[in-house]
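Number of protein chains: 2
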Amino acid sequence: MNALFKALNDPTRRAILERLRAGPATAGAIAEQFQFSAPTISHHLDLLRQAELVTSQKQGQFVVYTLNMTVFDELLGWLYQFKS
Amino acid sequence: MNALFKALNDPTRRAILERLRAGPATAGAIAEQFQFSAPTISHHLDLLRQAELVTSQKQGQFVVYTLNMTVFDELLGWLYQFKS
DNA sequence: ATTTTATTTAGACATTTGCCTAAACATTGA
DNA sequence: TCAATGTTTAGGCAAATGTCTAAATAAAAT
Numbered sequence: 180m181n182a183l184f185k186a187l188n189d190p191t192r193r194a195i196l197e198r199l200r201a202g203p204a205t206a207g208a209i210a211e212q213f214q215f216s217a218p219t220i221s222h223h224l225d226l227l228r229q230a231e232l233v234t235s236q237k238q239g240q241f242v243v244y245t246l247n248m249t250v251f252d253e254l255l256g257w258l259y260q261f262k263s
Numbered sequence: 180m181n182a183l184f185k186a187l188n189d190p191t192r193r194a195i196l197e198r199l200r201a202g203p204a205t206a207g208a209i210a211e212q213f214q215f216s217a218p219t220i221s222h223h224l225d226l227l228r229q230a231e232l233v234t235s236q237k238q239g240q241f242v243v244y245t246l247n248m249t250v251f252d253e254l255l256g257w258l259y260q261f262k263s
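Residue numbers (our numbering), protein chains in the order written: chain A, 180 to 263; chain B, 180 to 263.
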């Protein structure tokens, strides 16, 4: 839960998640959309992975990142306790 | 949206929200439940108020904090885009 | 009036965060 | 094998964060 909220508490990381809604993408393709350096984006991706918001698979020299929507359910569950 | 995620990115603040599910409470009553100093809790309450997750009304020398569930809908809306 | 009680504001300090550049690692292609 | 490409790791730095104590503010009680 901590890692989840931490990962979401950054506009760049939230934008990465929104980008991945369109489908999996390589680290490089993701990095192209932002003005930050590749290492910076790599670090953001690492935090998203720690929160299990994304998964990564190595494909040759590329690393493909994919949204993991499973974790959203955990978050929704936490939020729903406030809806009653 | 930024203030919202920022406010949620702290276990003490999330615990305060959960405390307020049981009903409104004064700053002092909230602070009693934690090991932190009153100023620290006051600061957390300030961040929750900035995110509009809580409202506060002064009642005599007390300040009563109340959950504001309205903002949760905004968050649910953001999450929902990932569910399809 | 003065003191007590409730809360916030101010200022300091250590830790965490987000960014960078340089270097390392891993895979592909000449 | 050597060079090019894609990505991560390492290390450094400024800004933000979470905590504290001391002081200020405001209302209540004596």
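Glycine included, each C-beta is placed from N, C-alpha and C at the ideal position. In this text, all values refer to a predicted model and were calculated from it rather than measured experimentally.
- Can you check whether the CB of L254/A is closer than 8 Å to the CB of V233/A? No.
- Message: With the cut-off set at 8 Å, would you say Q240/B and A182/B are in Cβ contact?
- Response: No. Outside cutoff.
- Min CB distance Q300/A to chain B below 8 Å: Summary: the structure shown does not reach residue 300/A, with chain A confined to residues 180 through 263, and so no result is reported for it.
- Message: Please classify H223/A as buried or exposed, where buried requires at least 16 other C-beta atoms within 10 Å of its C-beta.
- Response: Per the 10 Å Cβ criterion, buried.
- Item | Rounded separation between M180/A and V243/B - CA only | Put simply, the backbone Cα of M180/A is about 28 Å away from that of V243/B.
- Item | Limits of the beta strand (DSSP E) - the one that F246/B falls within | Sequence check: residue 246/B is Leu here, not Phe. Per DSSP, L246/B belongs to the beta strand (DSSP E) from 241-246.
- Please report the residue range of the beta strand (DSSP E) in which Q236/B lies. Run containing Q236/B: 233-238, per the beta strand (DSSP E) assignment.
- Message: Any contact between the segment 209-217 of chain A and the segment 190-200 of chain A? By contact I mean 3 or more CB pairs, one from each, below 8 Å.
- Response: Touching, yes.
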